[in-house]
Amino acid sequence: MRAALRSDYGPPSVVALGTRPRPRPGPGQVLVEVRAALVSIGDVHVIAGKPYLVRLTPFGGIPRPRQPVPGLTFAGEVVEVGAGVTELAPGDAIFGEAQGAFAEYTLAAPKNVARKPATLSWPEAATVPWGFAPQLGLVELGRVAKHEEVLIVGASGGVGTWAVQIARARGARVTAVCSGRNRDLVLGLGAERVIDYTAEDPLAEPGRYDLVFDAIGERSIAACTRVLRPKGRYVCCSGAGNVLWGPLGRMLAMSLQRPFRSAELHTVLALSPSTEQLAELARWVESGQVRPAIERVYTLEKLPGALAHVATRRTRGHVVVELQSH
Ligand SMILES: NC(=O)c1ccc[n+]([C@@H]2O[C@H](COP(=O)([O-])OP(=O)(O)OC[C@H]3O[C@@H](n4cnc5c(N)ncnc54)[C@H](OP(=O)(O)O)[C@@H]3O)[C@@H](O)[C@H]2O)c1
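Take 503 as the starting number for the sequence shown in the working numbering and just add one per residue.
Structure below.
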């Protein structure tokens, strides 16, 4: 099968198209023909091996990456099931997470996939798991409610485009923070107000919001909580961080500051969504309340270019690679 391969950490150019034997599903696994895979900032970090903490996770390896084929978030069709798999069958259209998704075939565990919404294209379905962090942050942790004033920082990115729509679908009034060029995009997703962070300070209105959802994590925790009403919630899923442990420093700082702040502080760690959590996202999409925002679709051959684009941190919604059926 054709697959994107890398043997060392580095920039997107370390990834090259090659061939690998098609994997065989072991017990409890399914073989999936990948039809589309999300190209995320997470993939850029895993391929770079930075922050270095990534190398200690199952996505990394020392001194070289354990997994030659990168890619995680996919949509595709089940072609074979391993022993003991009863919940899926060949022909099922699914989406979810499986390591090695930048290839024609990958192995997935049924607990990390769900049935693809029929209304979505393959590239659209491949983006849905990225909605898990904002779903967890806004609904579970942030308990966003009708008529609340919500500020979404980083509203035009992959996470932010889901966040704007989820907050809106819950009846909140959304102020989106993005640069001027993305104004129409976020208004189209349901934002009521836009603050262009390149022209004005988005954190200049003390006590205005019930909830701040931060997908950038650049500004101080004090500045982000100052704009909250008493008992407001600050939910962060990102952080500029450093080259060793990335956003973990900010997450730790939030934990340490929690007892001393009147605002609620929540950090989001949205790892490996379950079938139930993916199915819940699929229901949001099927109800028409939220939809994937895709900026560009590339072919697998163009994956290094897609990764380089994502690495600029200037994407608008999602970037996806689409594979042809064979
Ligand atoms: N904790 C978790 O479980 C979890 C899960 C998923 C993702 N994440 C993290 O969430 C973050 C967001 O991911 P993403 O997919 O949305 O990709 P991204 O690369 O962070 O988003 C790109 C977008 O960010 C905007 N942006 C850049 N700087 C900004 C600023 N200072 N203020 C407002 N907007 C700004 C850009 O708009 P302009 O071009 O207009 O500046 C662009 O549209 C990443 O750090 C990712 O690692 C965390």
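Cβ atoms here follow ideal geometry from the backbone N, Cα and C, with glycine treated the same way.
For clarity, every value in this text was computed on a predicted model and none was experimentally measured.
Q: Measure the alpha-carbon distance for LEU758 versus GLU766 and round it to whole angstroms.
A: Along the sequence shown, read from residue 1 onward, the residue named residue 758 stands at position 256. Along the sequence shown, read from residue 1 onward, the residue named residue 766 stands at position 264. About 12 Å.
Q) Assuming ALA701 contacts VAL676 under a Cβ cut-off of 8 Å, what Cβ separation, rounded to an integer in Å, is found between them? A) Taking the sequence shown and counting its residues from 1, one reaches residue 701 at position 199. Taking the sequence shown and counting its residues from 1, one reaches residue 676 at position 174. At roughly 19 Å, the Cβ-Cβ gap does not stay under 8 Å, so ALA701 and VAL676 are not in contact.
**Q.** Distance, TYR511 Cα to GLY551 Cα
**A.** Position 49 of the sequence shown, counted from the first residue, corresponds to residue 551. Position 9 of the sequence shown, counted from the first residue, corresponds to residue 511. Using only the alpha carbons, I get a separation of about 5 Å.
Q.
Given 8 Å as the limit, tell me if VAL770 has its C-beta closer than that to any heavy atom belonging to ligand 1.
A. Sequence index remark: in the sequence shown, residue 770 carries index 268 (1-based). Yes, the beta carbon of VAL770 sits closer than 8 Å to at least one heavy atom of ligand 1.
**Q.** ALA657 beta carbon near ligand 1 (any heavy atom closer than 8 Å)
**A.** Working through the sequence shown from its first residue, we reach residue 657 at position 155. For ligand 1, at least one heavy atom lies less than 8 Å from the Cβ of ALA657.
Q. From GLU651 to VAL661, what does the alpha carbon distance come to, in whole angstroms?
A. By 1-based counting over the sequence shown, the position of residue 651 is 149. By 1-based counting over the sequence shown, the position of residue 661 is 159. So the two alpha carbons sit approximately 19 Å from each other.
(Q) Does the beta-carbon of ILE549, which I'm using as the reference point, lie nearer than 8 Å to any heavy atom of ligand 1? (A) Here residue 549 is taken as the residue at index 47 of the sequence shown, counted from 1. Checking the Cβ of ILE549 against ligand 1 gives no.
Q) Looking at C-beta atoms only, is the number of pairs between the stretch 734–747 and the stretch 709–723 that lie closer than 8 Å three or more? A) yes
(Q) Helix, strand or coil, according to DSSP, for PRO678 in the structure here? (A) On the sequence shown, position 176 is the one that residue 678 refers to. In the sequence on display, residue 678 carries Ala and not Pro. Here ALA678 sits in strand by DSSP.
**Q.** Sub-9 Å separation of ILE596 and GLY578 beta-carbons
**A.** On the sequence shown, residue 596 is found 94 positions in, with the first residue counted as 1. On the sequence shown, residue 578 is found 76 positions in, with the first residue counted as 1. Yes.
Q: Run the proximity test for ASN614: is its beta-carbon closer than 8 Å to any non-hydrogen atom belonging to ligand 1?
A: Position 112 of the sequence shown holds residue 614. ASN614: no, Cβ never under 8 Å from ligand 1.
Q: Indicate whether LEU805 and VAL615 have their beta-carbon atoms separated by less than 9 Å.
A: Here residue 805 refers to the residue found at position 303 of the sequence shown. Here residue 615 refers to the residue found at position 113 of the sequence shown. Not closer than 9 Å, so no.
Q.
For LEU783, which residues in the same chain have their Cβ closer than 7 Å to its Cβ, ignoring the five residues on either side in sequence?
A. Locating residue 783 in the sequence shown gives position 281, where the first residue counts as 1. Hits under 7 Å: VAL630, GLY633, PHE634, GLN637.
Q. Counting pairs of Cβ atoms below 8 Å between the stretch 680–688 and the stretch 740–752, do you hit three or more?
A. no
Q. Below 9 Å between beta carbons: does that hold for PHE576 and ALA610?
A. The sequence position of residue 576 within the sequence shown is 74, counting from 1. The sequence position of residue 610 within the sequence shown is 108, counting from 1. Result yes, Cβ atoms of PHE576 and ALA610 sit closer than 9 Å.
Q | Exposure of ASP703, with buried meaning 16 or more beta-carbon neighbours within 10 Å | A | Along the sequence shown, read from residue 1 onward, the residue named residue 703 stands at position 201. That one is exposed.
Q: Report the three-state DSSP secondary structure of THR817 (helix, strand or coil).
A: Residue mapping note: residue 817 aligns to position 315 of the sequence shown, counting from 1. Here THR817 sits in coil by DSSP.
Q: Might you give, ordered along the chain, the residues of its own chain that have their beta carbon closer than 8 Å to the beta carbon of LEU555, omitting 5 neighbours on each side?
A: On the sequence shown, residue 555 is found 53 positions in, with the first residue counted as 1. Excluding residues within five positions, the ones whose Cβ falls inside 8 Å are LEU746, TRP747, GLY748, LEU750.
Q | Buried/exposed call for ILE564, threshold 16 Cβ in 10 Å | A | Walking along the sequence shown from the start, residue 564 turns up at place 62. Counting Cβ neighbours within 10 Å, ILE564 comes out exposed, since fewer than 16 surround it.
Q) Secondary structure at PHE597, three-state DSSP: helix, strand or coil? A) The residue you call residue 597 lines up with position 95 of the sequence shown. It is a strand residue.
Q) Would SER509 be called buried (16 or more neighbouring beta carbons within 10 Å of its own) or exposed? A) In the sequence shown, residue 509 corresponds to position 7, counting from 1. Exposed, because fewer than 16 other Cβ atoms sit within 10 Å of the Cβ of SER509.
Q. So does PHE597 have its beta carbon nearer than 8 Å to some heavy atom of ligand 3?
A. For the structure depicted, ligand 3 is absent and the ligand set comprises only ligand 1.
Q: Please go through the same chain and pick out, in chain order, the residues whose beta-carbon is closer than 8 Å to the beta-carbon of VAL517, but skip the five residues on each side of it.
A: Taking the sequence shown and counting its residues from 1, one reaches residue 517 at position 15. Closer than 8 Å at Cβ, skipping near neighbours: ALA506, LEU507, ARG508, ILE549, PRO572, PHE604, LEU805, PRO806, LEU809.
Q: Out of ARG522, SER776, LEU590, VAL679, state which residue places its alpha-carbon closest to the alpha-carbon of GLY656.
A: Against the sequence shown, residue 656 aligns to sequence position 154. When only C-alpha atoms are compared, the closest one is VAL679.
Q. Is it the case that the Cβ atoms of HIS717 and GLY659 are separated by a distance below 9 Å?
A. Mapped onto the sequence shown, residue 717 falls at position 215. Mapped onto the sequence shown, residue 659 falls at position 157. Inspection of the sequence shows that residue 717 is occupied by Ala rather than by His. Against a cut-off of 9 Å, the Cβ pair of GLY659 and ALA717 comes out as a contact.
(Q) Is TYR736 close to ligand 1? I mean its beta-carbon at under 8 Å from any heavy atom of the ligand. (A) Here residue 736 corresponds to residue number 234 of the sequence shown, with the count starting at 1. Flag unset: Cβ of TYR736 not near ligand 1.
Q. What did DSSP end up calling HIS811 once you bin it into helix, strand or coil?
A. As a working mapping, residue 811 is identified with position 309 in the sequence shown. Helix.
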